[in-house]
Every structure is written in structure tokens, then in C-alpha cells.
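Residues in the sequence shown are numbered from 1 upward in steps of one, following my numbering.
Beta carbons: idealized from backbone N, C-alpha and C, even for Gly.
Since the structure comes first, as C-alpha cells, the remarks are kept for the end.
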Amino acid sequence: MKRGFWRHFQNLRNRMVFMKYGRDVYFFPGVHVVRPQYVCIGDHVTIGRNVDLFVHPDDPGTGEAIIEIGNNVHIGTNDMIGARKKVIIEENVLMGPHVLIADHSHAYEDIETPIK
Numbered sequence: 001m002k003r004g005f006w007r008h009f010q011n012l013r014n015r016m017v018f019m020k021y022g023r024d025v026y027f028f029p030g031v032h033v034v035r036p037q038y039v040c041i042g043d044h045v046t047i048g049r050n051v052d053l054f055v056h057p058d059d060p061g062t063g064e065a066i067i068e069i070g071n072n073v074h075i076g077t078n079d080m081i082g083a084r085k086k087v088i089i090e091e092n093v094l095m096g097p098h099v100l101i102a103d104h105s106h107a108y109e110d111i112e113t114p115i116k
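As C-alpha cells, then:
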């Protein structure tokens, strides 16, 4: 009974926080979401343990940056999805563990200067 109530409460909260939050969405423990207001999650989605979803828009407030997860998607344990512009995981996708999906990389201009 406790677990069912907590999951119901969590789903209600997530519907207010995320841009879109579908039906039958399950987060395993340790899921970390940065800027959920830019994340759309479809129906029947499972997000595994220790998954990171992070959105870092180039220009905050424009709503340009987004992570979109379609219906019937499973995101595996220790996966990371990052967006500066847009990442779309379409419908009926099964992701294995330890996957990184990003639409950007960390730029390093001067390769002669050591990183400290």
C-alpha cells in the first residue's frame, strides 16, 4: 500500500514538473533530472537505476533545448542523455546499460595548454 501511494504521489508531482509526463512511467531509484521542464516523457516508459537526463540550453528561457522520450521506451541502468538543443528517443526503443546520448561535446579550444 505504501509503495503504491508513493508512486501515485510521485507521478502527480512529475506531471507538474516535466514538460510532458505520460501514463505508466516508472523511475528506478537514483534517476537524476536536470531541468525537467525541458523533458517530455511518453507513455509506458521505464527509466533504469542511476540514469542522468540533463538539459543545458545554449539560451535558457527560449524552450529550444529539449529531451523527448517516445512511448514504450526502456532506458537502461547508468545511461546518460544530454541536450543543448534537442535529443529525441523515438517510440519502441530499448537502450542497454551504460549508454551516452548527447547532441554536443565539451569543446576544448587550445590543445597545447594542459588541463589542470
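Counted within 10 angstroms of its Cβ, other Cβ atoms place residue i as buried (16 or more) or exposed
{"i": "L100", "result": "exposed"}
{"i": "I81", "result": "buried"}
Range covered by the beta strand (DSSP E) that runs through residue i
{"i": "Y26", "result": "V25 to F27"}
{"i": "A102", "result": "L100 to A102"}
{"i": "H74", "result": "V73 to I75"}
{"i": "M80", "result": "M80 to A83"}
{"i": "L53", "result": "D52 to V55"}
{"i": "E68", "result": "I66 to I69"}
Cβ neighbours of residue i in the same chain (closer than 6 Å, five flanking residues each side left out)
{"i": "G30", "result": "R49 and N50"}
{"i": "K86", "result": "I66"}
{"i": "N14", "result": "Y21"}
Residue i versus residue j: straight-line alpha-carbon distance, rounded
{"i": "V33", "j": "D52", "result": "6 Å"}
{"i": "F54", "j": "E112", "result": "30 Å"}
{"i": "V25", "j": "P114", "result": "44 Å"}
Contacts around residue i, its chain only, beta-carbon distance under 7 Å, and the 5 residues preceding and following it disregarded
{"i": "L94", "result": "H74"}
{"i": "V45", "result": "G22, V25, I69 and V73"}
Distance CB(residue i)-CB(residue j) smaller than 8 Å
{"i": "Y38", "j": "M19", "result": "yes"}
{"i": "F28", "j": "I47", "result": "yes"}
{"i": "E91", "j": "G76", "result": "no"}
{"i": "H56", "j": "D79", "result": "no"}
{"i": "D103", "j": "A83", "result": "yes"}
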